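Notes for the one structure printed next.
Protein chains: 2
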Amino acid sequence: MASLLPAALLSLIDELGKLPGVGPRTAERYAYYLLREESRIAQKLSTALRELHVNVKHCPKTFALIDASQEVSPLYSDSSRDKTVVAVVEEPLDVIALERTGQFKGTYHVLGGAISPIDGVGPEKLHVPELLQRIKEDAVEEVILATNASVEGESTALFLQRQLRDIAPDMRVSRLARGIPVGIDLEYADQITLTHALEGRQSL
Amino acid sequence: MASLLPAALLSLIDELGKLPGVGPRTAERYAYYLLREESRIAQKLSTALRELHVNVKHCPKTFALIDASQEVSPLYSDSSRDKTVVAVVEEPLDVIALERTGQFKGTYHVLGGAISPIDGVGPEKLHVPELLQRIKEDAVEEVILATNASVEGESTALFLQRQLRDIAPDMRVSRLARGIPVGIDLEYADQITLTHALEGRQSL
């Protein structure tokens, strides 16, 4: 059947099918859309893809994503940001999620993943040494462990907590609060979340 | 917030967001995936996109999609295909769907859409004159109207039925059967489908 479609279309369907969560039908739909629309749309996407890896790099200090032209992340170099408070996150997009709250004035440190023995990701693949060095250099007073609430995120937080206690026993180490998300009915909350919500209950 | 991400990443998210059914979050996920993987994956997708419009064209006879190097669709030029039977479909991918059945040995004619006054698509935007010409040239004996079972597909079928009766009153014009799809319980079938299934009932 495959040969019923032009090779260039098949090859595009193939490449689009590598995107996360995109099956053959979705890839077909995307490809056909791009074919039916003016070629300008496919061209612009093509150009954006070609320039992606050239024009984006990781900040050497925080490992957030920055323009290739930048030295260091503006969220770090900005003098209004408190360098003594560091939120440790797994991925660069987590920085954006926290920034959207508009509540955090510290700086970030992107680990580049979470400890996951199944996926062959040990602590040595994460930007942990760089974190320990920043803590010394910037005289960090608090590290907020903002890894995901997954098994991997929890293991990573636990691992970091122990490492940090070793190198800076007096530094405050905190973890994002766990509890009922806004807008969720109690009856739909899972048991573990409810347990966390009970344990972390706040006096009024 | 936007400026928190590198311009090249934002531009890619923007372009990916133009794909059908892709919202900002999905576009972010695709873009970040492409950034995290080896640059080869983004490069190959970029190349496939650049070559799409260059290497794919429409068959001048059937308007199916073909390689730019091909003269005419192999589904038409193949001498084993019966040129006196023409299945009329809306879009090129409909050809693939029908070919997958392995049951059809005639040829195809792709209209390039369906009549839809709301979207400003009148019959003049479809490959109708080319269909009428083929009917004469190839001495077509049967036209199967295989447009979608939507309002637009039905209107298009009705329009074509009238046109065909005018130019070839004795030619057989048929429509794909409508009824209960395989695997669907009667209780979940909608009223219109059930009505069609009753009207089109087959003697055993």
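Protein chains in written order, with my numbering: chain A, 269 to 472; chain B, 269 to 472.
Every residue gets a Cβ at the ideal spot worked out from N, C-alpha and C, and that includes glycine.
In this text the structure is predicted, and so the values were computed from the model without any measurement.
| request: Starting from the Cα of A:His326, find the closest Cα among A:Pro342, A:Thr461 and A:Gly285 and give me that residue. | output: Of A:Pro342, A:Thr461 and A:Gly285, the residue nearest in Cα terms is A:Pro342.
| field | Exposure label - B:Ile281; buried when at least 16 CB within 10 Å | value | Flag for B:Ile281 reads buried.
| task | May I ask which residues mark the beginning and end of the beta strand (DSSP E) holding B:Pro410? | result | Contrary to the premise, residue 410 of chain B reads as Glu rather than Pro in this sequence. First-last of the beta strand (DSSP E) with B:Glu410: Glu410 to Leu413.
| request: Under 7 angstroms between beta-carbons, which chain A residues line up against B:Glu283? List them in chain order, please. | output: Simply Lys312, Leu313 and Ala316.
| For B:Gly289, which beta-bridge partners are listed by DSSP? | Answer is none; B:Gly289 lacks a bridge partner.
| task | Classify B:Gly374 as buried or exposed, calling it buried when 16 or more other Cβ atoms lie within 10 Å of its own Cβ. | result | It is buried - the Cβ of B:Gly374 has at least 16 other Cβ atoms within 10 Å.
| field | Closer than 7 angstroms at the beta carbon, the chain A residues around B:Ile475 | value | In the structure displayed, chain B extends from 269 to 472; residue 475 of chain B sits before or after that span and is not available.
| task | With 8 angstroms as the threshold, decide whether the Cβ of A:Ser418 is near any Cβ in chain B. | result | With 8 angstroms as the cut-off, A:Ser418 does not count as an interface residue toward chain B.
| request: Would you mind working out which of B:Glu422, B:Ile448, B:Tyr456 and B:Ser384 sits nearest B:Ser442, comparing C-alpha positions? | output: Checking every option, the nearest Cα to that of B:Ser442 belongs to B:Glu422.
| field | Where the alpha helix (DSSP H) through A:Ile435 begins and ends | value | Val419 to Ile435 is the span of the alpha helix (DSSP H), which, as asked, contains A:Ile435.
| request: Kindly list the residues whose CB is nearer than 6 angstroms to the CB of B:Ala275, restricted to its own chain and excluding five residues on each side of it in sequence; keep chain order. | output: Excluding sequence positions up to five before and after B:Ala275, its CB lies less than 6 angstroms from no other CB in the same chain.
| request: Would you mind giving the Cβ-Cβ distance between A:Leu302 and A:Ala310, rounded to the nearest angstrom? I have them listed as a contact below 8 angstroms. | output: Confirmed, about 5 angstroms.
| message | So if I threshold CB-CB distances at 7 angstroms, which residues from the segment 293-308 of chain A count as touching chain B? | response | So the close ones are Glu296, Arg297, Tyr298, Tyr300, Tyr301, Leu302, Leu303 and Ser307.
| task | Pull up the distance between the alpha-carbon of A:Lys329 and that of A:Arg430, whole angstroms please. | result | Going from the Cα of A:Lys329 to the Cα of A:Arg430 covers about 22 angstroms.
| task | Count the other CB atoms, across all protein chains shown, that sit within 10 Å of the CB of A:Pro360; report buried if there are 16 or more and exposed otherwise. | result | Buried, since its Cβ has 16 or more Cβ neighbours within 10 Å.
| query | What's the gap between the Cα of A:Val356 and the Cα of A:Arg297? | reply | C-alpha separation (whole angstroms): 39 angstroms.
| task | Compute the Euclidean distance between the alpha carbons of A:Ala270 and A:Val363, then round it to the nearest angstrom. | result | Model confidence at A:Ala270 stands at a pLDDT of 44, short of 50, so the residue's coordinates are unreliable; what they give is reported in the following sentence. Taking the straight line joining both Cα atoms gives about 42 angstroms.
| query | Do you know how far the Cα of A:Gln338 is from the Cα of B:Asn416? | reply | So the alpha carbons of these two residues sit roughly 53 angstroms apart.
| query | Who are the neighbours of A:Ala275 on chain B, taking C-beta pairs under 8 angstroms? | reply | Here the neighbours are Asn323 and Asp335.
| message | Distance check for B:Leu313 and A:Leu479, CA to CA, integer angstroms please. | response | Lying before the first or after the last residue shown, residue 479 of chain A is absent from chain A, which here runs from 269 to 472.
| For the candidate residues A:Val419, A:Pro437 and A:Ile452, whose alpha-carbon lies nearest to that of A:Lys404? | It is A:Pro437.
| query | Would you say A:Met269 faces chain B, with C-beta separation under 8 angstroms as the test? | reply | Caution is warranted here: a pLDDT of 43 is assigned to A:Met269, below 50, making its placement in the model unreliable, and the coordinate value is therefore given only provisionally. It does; some Cβ of chain B falls within 8 angstroms.
| request: For B:Glu358, count neighbouring C-beta atoms within 10 Å of its own C-beta (all shown protein chains included) and say buried if the count is 16 or more, exposed if not. | output: A residue is called buried once 16 or more other Cβ atoms fall within 10 Å of its Cβ, and B:Glu358 is buried on that count.
| task | State the DSSP-derived secondary structure class of A:Met269, mapped to helix, strand or coil. | result | Because A:Met269 carries a pLDDT of 43, less than 50, the predicted location of this residue cannot be relied on, and no value is offered for it.
| field | Ranges of the alpha helix (DSSP H) found wholly within the segment 350-389 of chain B, counting only runs of at least 4 | value | Correct list: 360-369.
| CB of B:Val396 within 8 angstroms of CB of B:Met439, strictly | No, the pair does not count as a contact, with Cβ atoms beyond the cut-off.
| task | List the residues of chain B whose Cβ lies closer than 7 angstroms to the Cβ of A:Ile386, in chain order. | result | Listed along the chain, the chain B residues whose CB falls inside 7 angstroms of the CB of A:Ile386 amount to none; the nearest CB is some 18 angstroms away.
| said: Please identify, using Cβ separations under 8 angstroms, the residues of the segment 363-386 of chain B that lie next to chain A, in order along the chain. | reply: Val363, Ile364, Glu367 and Arg368: these are the residues of the segment 363-386 of chain B whose beta carbon lies less than 8 angstroms from some beta carbon of chain A, given in chain order.
| query | How big is the Cα-Cα spacing for A:Tyr376 and A:Asp434? | reply | C-alpha of A:Tyr376 to C-alpha of A:Asp434: approximately 21 angstroms in a straight line.
| said: Taking only three categories from DSSP, how would you classify B:Ile448? | reply: Coil at B:Ile448, not helix or strand.
| message | Would B:Glu420 and B:Ala382 qualify as a contact pair, given that the criterion is a beta-carbon distance under 8 angstroms? | response | Contact flag set, yes.
| said: Rounded to the nearest angstrom, what separates A:Gly289 and B:Arg293 at their Cα positions? | reply: One alpha carbon belongs to A:Gly289, the other to B:Arg293, and they sit about 13 angstroms apart.
| Residue closest to B:Ser242, alpha-carbon to alpha-carbon, out of B:Ala336, B:Phe372 and B:Gln459 | Limits of chain B in this structure are 269 at one end and 472 at the other, which puts residue 242 of chain B out of reach.
| message | Which same chain residues end up closer than 7 angstroms to A:Asp406 when comparing Cβ atoms and leaving out the 5 residues on each side of it in sequence? | response | Cβ within range, chain order: Lys351 and Thr352.
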